[in-house]
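Contents: one structure, followed by commentary.
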Amino acid sequence: SLLVVHFWAPWAPQCAQMNDVMAELAKEHPQVSFVKLEAEAVPEVSEKYEISSVPTFLFFKNSQKIDRLDGAHAPELTKKVQRHASSGSFSPSGGEHPKEDLSLRLKKLTHAAPCMLFMKGTPQEPRCGFSKQMVEILNKHNIQFSSFDIFSDEEVRQGLKTYSNWPTYPQLYVSGELIGGLDIIKELEASKELDTICPKTPKLEERRVECGRQRLSMEVVKLSLIIFFSFNILRFPATQCRSPSSWPWPRLCGGTDGPVSQARSGGLKDGIKLRGEH
Numbered sequence: 001s002l003l004v005v006h007f008w009a010p011w012a013p014q015c016a017q018m019n020d021v022m023a024e025l026a027k028e029h030p031q032v033s034f035v036k037l038e039a040e041a042v043p044e045v046s047e048k049y050e051i052s053s054v055p056t057f058l059f060f061k062n063s064q065k066i067d068r069l070d071g072a073h074a075p076e077l078t079k080k081v082q083r084h085a086s087s088g089s090f091s092p093s094g095g096e097h098p099k100e101d102l103s104l105r106l107k108k109l110t111h112a113a114p115c116m117l118f119m120k121g122t123p124q125e126p127r128c129g130f131s132k133q134m135v136e137i138l139n140k141h142n143i144q145f146s147s148f149d150i151f152s153d154e155e156v157r158q159g160l161k162t163y164s165n166w167p168t169y170p171q172l173y174v175s176g177e178l179i180g181g182l183d184i185i186k187e188l189e190a191s192k193e194l195d196t197i198c199p200k201t202p203k204l205e206e207r208r209v210e211c212g213r214q215r216l217s218m219e220v221v222k223l224s225l226i227i228f229f230s231f232n233i234l235r236f237p238a239t240q241c242r243s244p245s246s247w248p249w250p251r252l253c254g255g256t257d258g259p260v261s262q263a264r265s266g267g268l269k270d271g272i273k274l275r276g277e278h
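Note that the UniProt record's numbering gives residue 166 to position 166 of the sequence shown, counting from 1, and the numbers run on in steps of one.
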């Protein structure tokens, strides 16, 4: 049967609200067991299950933890209870293929941007002190990074610990390689190595230059009556570091200088479909 454990604290008003939600869910799902545990009264249990904030809900089936919910999200709690209560018996192994799929997914996530931070919460709203400190350090050094909220996906949260052989969060990756947690980042900052390892956010002047180059390339192409399609690399940061070409952005027949010189010589049109031609 399904067991839902609510880690709560008497001083947190949101916990009292979620207790009311649990009471209603217990009426709707009599086959589900609901238990309340005061997080600070059972520190060993809280530490074992990494309870760093309240309210937190853990879902168990056949003595195996199958899901987790952090925060006072009544609709999400209701959805999870309904889904797990209606599902069949839980198989912790799940076969070998799901493990392979998770490993591939984690690899893609760690490579999603040149610098990836796996944290509790978001950079705008960190949900633990360590994650907050990590964001502050990265911002202080003007480091360009993307982030992933591990509270949003329990499978990623648990799987990444094994994948990286690093048991705690936050975790910082550069080019898909684990750099470390907060203590390591602090050491790199103290030794002034952090600035040489992590990518920097481009300065405003540099962005203006790049935007100017892209406008120039597009104007040259338009004046040459060439049909073209464009792709915004800023929407997908991973494309900026994965292209096999070594040319800087924009890329068309060799950056910006190529189209300009070829347009002057009339060679840009060769081999390219012109507007109105079939």
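Using N, Cα and C, we set each Cβ at its ideal position, and we do this for glycine too.
Item: If we require 4 or more residues per run, which alpha helix (DSSP H) segments fall completely within the segment 134-197?; Value: 154-164, 182-190, 194-197
Item: Mapping the DSSP letters down to three states, classify residue 84 as helix, strand or coil.; Value: helix
Item: Where does residue 45 fall in DSSP's three states?; Value: helix
Item: In three-state DSSP terms, what is residue 129?; Value: helix
Item: Tell me which residue opens and which closes the beta strand (DSSP E) that residue 64 is part of.; Value: 64-70
Item: Under three-state DSSP, which class holds residue 54?; Value: coil
Item: Between residue 150 and residue 118, is the Cβ-Cβ spacing less than 8 Å?; Value: yes
Item: Whole-angstrom Cβ separation of residue 85 and residue 2, contact assumed at under 8 Å?; Value: 5 Å
Item: List the endpoints of the continuous beta strand (DSSP E) containing residue 4.; Value: 2-8
Item: To the nearest angstrom, how far is it from the Cα of residue 70 to the Cα of residue 199?; Value: 31 Å
Item: Please state the DSSP three-state secondary structure of residue 79.; Value: helix
Item: Could you check what DSSP says for residue 107 in three-state terms: helix, strand or coil?; Value: helix
Item: Is the segment 131-140 touching the segment 66-82, taking contact as three or more C-beta pairs under 8 Å?; Value: no
Item: How about residue 120 and residue 169: do their beta carbons lie closer than 8 Å?; Value: yes
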